[in-house]
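One structure is given below, encoded as structure tokens.
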Amino acid sequence: MTTTIEVGMLGLGTVGSGVVTRLHQATQKIEQTQGFRLHLAAVAVNHLNAPRSVTLPIGTRLTDSIQTVVTDPQIQLVIEVMGTVTTAKQAIITALTHGKSVITANKDLMATAGAELIALAQQQQVDLFYEASVAGGIPILRTLTDSYATDQITAVAGIINGTANYILSAMTQGQSYEQALVAAQQAGYAEADPTNDVAGWDTAYKLIILSQFAFGQGPSLASLQPVGITTLTAASCQQAAKYGWQIKLLAQAQLAKGKLYCRVAPVAVPLGQALSQVSGVQNGVAVTSRAIGSSLYTGPGAGSTATANSVLNDVLIAAQHRLTHTAGRAFNLQKRDLPVASLAQVPQAYLLFSPVTSATLSQLTGVSVVDWRSFGGNGYQTGVLTSDQVRGLTATGAQLIPIAGSVVWSTAAATSQSAVATKMAI
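If you want our numbering, it's the position in the sequence shown, counting the first as 1, plus 19.
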């Protein structure tokens with residue numbers, strides 16, 4: 020007789036609806052390949068009479084009480100896809116306390132309160148999985164824990180916000196920021212209030228989690244100070260593309276000189292690097308490690324189907340753990356205690372856009388422009404600049420975008436390209 024695992028779900032929005040659809044479509048395959056059946060016992064929503072894009076299976080009860088789902092003694096696994104923070108945190112705490120394994124896609128919550136929830140899950144000997152919290156349909160977290168278990172990762176760099184990448188791709192094709200944002204909203208890729216995406220906060224939350232899996236430690240949100248895409252212009256994006264770069268909102272973390280260097284900001288990625296080809300709402304994560312070298316993982320970073328697939332893969336693993344009595348092992352066991360610094364503080368080269376000439380910039384700031392290369396009128400590829408030089412140039416109104424792979428590690432402040440450069444993952 021096939022064992023049935025009872026599942027409860029909190030939320031029935033885009034991702035929740037995708038979970039219902041995928042679960043229905045994969046029912047037979049799950050039973051054949053996993054040896055058990057998943058039964059969606061209950062779904063909690065805010066409004067019982069709101070219109071739904073999916074029909075719940077017969078036998079699934081719809082409720083407006085989160086508490087009845089997370090405390091139901093028959094339910095063994097809880098899926099949290101509400102998209103809130105405070106309410107979701109309390110619901111997850113209650114579910115874990117009642118001995119239920121939890122699967123969530125909530126990157127904001129896991130980035131800010133993950134340590135507390137993980138400790139509680141281990142204490143209760145249940146699972147807490149959150150693969151879908153980073154890069155949607157790309158199984159990057161489990162790849163980092165499993166495929167790199169014997170390797171040492173030295174750098175990760177990711178395009179992990181589909182909204183920002185869609186807008187930048189459209190701007191490179193000639194649309195203004197405002198036009199690209201409206202198009203993204205009309206296509207369902209951007210929220211009515213896109214601040215979290217375009218200001219870099221969503222990417223920052225995801226980098227915290229990604230870095231924890233890659234290095235055993237993540238930066239704090241306060242230390243990241245993300246730079247978004249709202250000050251970029253279509254002209255700059257097009258100019259950069261014409262001369263060999265794609266401007267991307269990158270989440271970067273690199274291990275160097277005993278520190279973890281992190282950044283969330285627009286970065287000019289050379290066209291010869293694979294990450295530059297990740298366009299539209301696609302996501303991509305580049306990983307550099309000692310044994311494997313450079314690898315790139317790409318796929319849909321959001322959307323109902325892709326995210327639901329990652330959620331359900333976590334559900335299957337948690338279900339197997341319930342049946343084999345092996346639940347309670349942390350999703351990510353790697354832990355380190357490294358000093359965290361900003362990648363922006365390290366000498367590197369930039370694309371610079373300014374209405375004044377390089378000679379004038381040199382007079383105003385004292386920065387040598389001998390090794391700068393002019394392109395497209397008001398654009399320059401600078402030599403390696405220190406953070407103090409960058410601040411001086413920025414004060415003149417110039418816009419500077421770091422060039423991927425140009426970071427220089429040296430004991431003295433590097434001021435020219437003659438310093439030895441260490442390439443990043445992208």
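Note that the Cβ used here is the ideal one computed from N, Cα and C, for glycine as well. Everything numeric in this text was worked out from a predicted model, so none of it was measured.
### Query
Exposed or buried, what is proline 421 when buried is set at 16 or more other beta-carbons lying within 10 Å of its beta-carbon?
Taking the sequence shown and counting its residues from 1, one reaches residue 421 at position 402. By the 10 Å Cβ count, proline 421 comes out buried.
### Task
Whole angstroms is fine: what's the gap from valine 88's alpha carbon to threonine 324's?
Locating residue 88 in the sequence shown gives position 69, counting from the first residue. Locating residue 324 in the sequence shown gives position 305, counting from the first residue. For valine 88 and threonine 324, the distance between alpha carbons rounds to 24 angstroms.
### Task
Kindly indicate which three-state DSSP category leucine 269 falls into: helix, strand or coil?
On the sequence shown, residue 269 is found 250 positions in, with the first residue counted as 1. It is a strand residue.
#### Entry: Through-space distance from isoleucine 24 to lysine 119, alpha-carbon basis
By one-based count along the sequence shown, residue 119 stands at place 100. By one-based count along the sequence shown, residue 24 stands at place 5. When rounded, the distance between both Cα atoms is 11 angstroms.
### Query
Does DSSP put alanine 275 in a helix, in a strand, or in coil?
By 1-based counting over the sequence shown, the position of residue 275 is 256. Reduced to three states, the DSSP call for alanine 275 is strand.
### Message
Mapping the DSSP letters down to three states, classify glutamate 197 as helix, strand or coil.
### Response
If you number the sequence shown from 1, residue 197 lands on position 178. Three-state DSSP puts glutamate 197 in a helix.
### Message
Excluding the 5 residues flanking glutamine 353 on each side, which residues of the same chain have their C-beta closer than 6 angstroms to its C-beta?
### Response
Against the sequence shown, residue 353 aligns to sequence position 334. So the list reads Gly235, once near-sequence residues are dropped.
### Query
Which residue or residues does DSSP assign as beta-bridge partners of leucine 1?
The question about residue 1 has no answer here: the residues shown for the chain are numbered 20 through 445.
### Task
Indicate whether glycine 30 and threonine 326 have their beta-carbon atoms separated by less than 9 angstroms.
What you label residue 30 is simply residue 11 of the sequence shown in a count that begins at 1. What you label residue 326 is simply residue 307 of the sequence shown in a count that begins at 1. No, these two residues do not count as a Cβ contact at 9 angstroms.
### Query
Does the region 235-244 touch the region 346-366, meaning 3 or more C-beta pairs lie closer than 8 angstroms?
yes
### Message
Helix, strand or coil for threonine 82? Go by DSSP, reduced to three states.
### Response
Numbered from 1 along the sequence shown, position 63 holds the residue referred to as residue 82. Of the three classes helix, strand and coil, the one that applies to threonine 82 here is strand, per DSSP.
### Among Gly181, Val246 and Leu274, the one whose alpha carbon lies nearest that of threonine 317
To locate residue 317, count along the sequence shown from 1; it is residue 298. Among Gly181, Val246 and Leu274, the Cα nearest to that of threonine 317 belongs to Gly181.
#### Entry: Closest by C-alpha distance to glutamine 292, when choosing among Ala305, Leu59, Cys281 and Leu362
Here residue 292 corresponds to residue number 273 of the sequence shown, with the count starting at 1. Residue Ala305 is the option with its Cα nearest to glutamine 292.
### Query
When you compare only the Cα positions, how much space is there between aspartate 170 and valine 375?
Along the sequence shown, read from residue 1 onward, the residue named residue 170 stands at position 151. Along the sequence shown, read from residue 1 onward, the residue named residue 375 stands at position 356. One C-alpha to the other measures close to 48 angstroms.
### Query
Where does arginine 309 sit, in a helix, a strand or coil, going by DSSP?
Indexing the sequence shown from 1 puts residue 309 at position 290. Here arginine 309 sits in coil by DSSP.
### Query
Nearest to isoleucine 122 by alpha carbon, out of Ala151, Gln44, Gln109 and Thr116?
What you label residue 122 is simply residue 103 of the sequence shown in a count that begins at 1. The candidate whose alpha carbon is nearest that of isoleucine 122 is Ala151.
### Message
Quick check on asparagine 332: does DSSP put it in helix, strand or coil?
### Response
Within the sequence shown, residue 332 is the residue found at index 313, counting from 1. It is helical.
### Query
Does DSSP put isoleucine 112 in a helix, in a strand, or in coil?
Residue mapping note: residue 112 aligns to position 93 of the sequence shown, counting from 1. In this structure, isoleucine 112 counts as helix in the three-state DSSP scheme.
### Message
DSSP three-state label for isoleucine 157, please.
### Response
Sequence index remark: in the sequence shown, residue 157 carries index 138 (1-based). Here isoleucine 157 sits in coil by DSSP.
### Task
Using alpha carbons as the reference points, say which of Thr90, Gly133 and Asp83 lies closest to valine 104.
Sequence index remark: in the sequence shown, residue 104 carries index 85 (1-based). Selected option, being the one with the closest Cα: Gly133.
### Counted within 10 angstroms of its Cβ, other Cβ atoms place alanine 189 as buried (16 or more) or exposed
Residue numbering aside, residue 189 sits at position 170 when the sequence shown is read from its first letter. Flag for alanine 189 reads buried.
### Message
Rounded to whole angstroms, what is the Cα-Cα separation between alanine 414 and aspartate 407?
### Response
For the purposes of this step, residue 414 is identified with residue 395 of the sequence shown, where counting begins at 1. For the purposes of this step, residue 407 is identified with residue 388 of the sequence shown, where counting begins at 1. Rounded to whole angstroms, alanine 414 to aspartate 407 spans 11 angstroms at the Cα level.
### Query
Looking only at DSSP bridge pairs, what is serine 120 linked to?
The residue labelled residue 120 in the question sits at position 101 within the sequence shown. DSSP output for serine 120 lists Leu96 as bridge partner(s).
### Message
Taking the alpha helix (DSSP H) that valine 246 belongs to, which residues open and close that run?
### Response
For the purposes of this step, residue 246 is taken as the residue at position 227 of the sequence shown. Counting along the chain, valine 246 falls outside any alpha helix (DSSP H), and DSSP gives it neither H nor E.
### Message
Please list the terminal residues of the continuous alpha helix (DSSP H) segment that includes glutamine 142.
### Response
As a first step, residue 142 must be located in the sequence shown, where it is residue number 123. Start and end: 126-143.
### Message
In this structure, how does DSSP classify glutamine 292 when only helix, strand and coil are distinguished?
### Response
As a working mapping, residue 292 is identified with position 273 in the sequence shown. It is coil, neither helix nor strand.
### Query
Taking the C-alpha atoms as reference points, what is the distance between threonine 52 and threonine 162?
On the sequence shown, residue 52 is found 33 positions in, with the first residue counted as 1. On the sequence shown, residue 162 is found 143 positions in, with the first residue counted as 1. So the two alpha carbons sit approximately 21 angstroms from each other.
### Task
Tell whether a beta-carbon distance below 9 angstroms holds between valine 97 and isoleucine 111.
Start at 1 with the first residue of the sequence shown, and residue 97 comes out as number 78. Start at 1 with the first residue of the sequence shown, and residue 111 comes out as number 92. In this structure, isoleucine 111 lies closer than 9 angstroms to valine 97 by Cβ.
### Query
CA-CA distance, leucine 75 and alanine 69?
As a working note, residue 75 is residue 56 in the sequence shown. As a working note, residue 69 is residue 50 in the sequence shown. Approximately 13 angstroms, taken between the alpha carbons.
### Message
If contact is defined by three or more beta carbon pairs under 8 angstroms, each pair taking one atom from either stretch, is the region 172-181 in contact with the region 207-223?
### Response
yes
### Query
Is it right to say threonine 345 is buried, meaning 16 or more other beta carbons lie within 10 angstroms of its own, or is it exposed?
Indexing the sequence shown from 1 puts residue 345 at position 326. It counts as exposed.
### Message
Please classify valine 439 as buried or exposed, where buried requires at least 16 other C-beta atoms within 10 Å of its C-beta.
### Response
As a working mapping, residue 439 is identified with position 420 in the sequence shown. Bear in mind that the predicted position of valine 439 carries a pLDDT of just 35, short of 50, making it unreliable; the figure below should be weighed with that in mind. That one is exposed.
### Inter-residue CB distance, serine 195 and alanine 253 (contact presumed, cutoff 8 angstroms)
As a position in the sequence shown, residue 195 is number 176, starting the count at 1. As a position in the sequence shown, residue 253 is number 234, starting the count at 1. Confirmed, Cβ separation roughly 5 angstroms.
### Query
Buried or exposed: which applies to glutamine 301, given that a residue is buried once 16 or more other Cβ atoms fall within 10 Å of its Cβ?
Position 282 of the sequence shown holds residue 301. Its Cβ being crowded by 16 or more others within 10 Å, glutamine 301 is buried.
### Task
Return yes when the C-beta of glycine 291 is under 8 angstroms from any heavy atom of the ligand ADP, and no when it is not.
Of ligands this structure carries none, so the ligand ADP is not represented either.
### Query
Going by DSSP, what residues sit across from tryptophan 264 in a beta bridge?
Numbered from 1 along the sequence shown, position 245 holds the residue referred to as residue 264. Bridge partners of tryptophan 264: Pro289.
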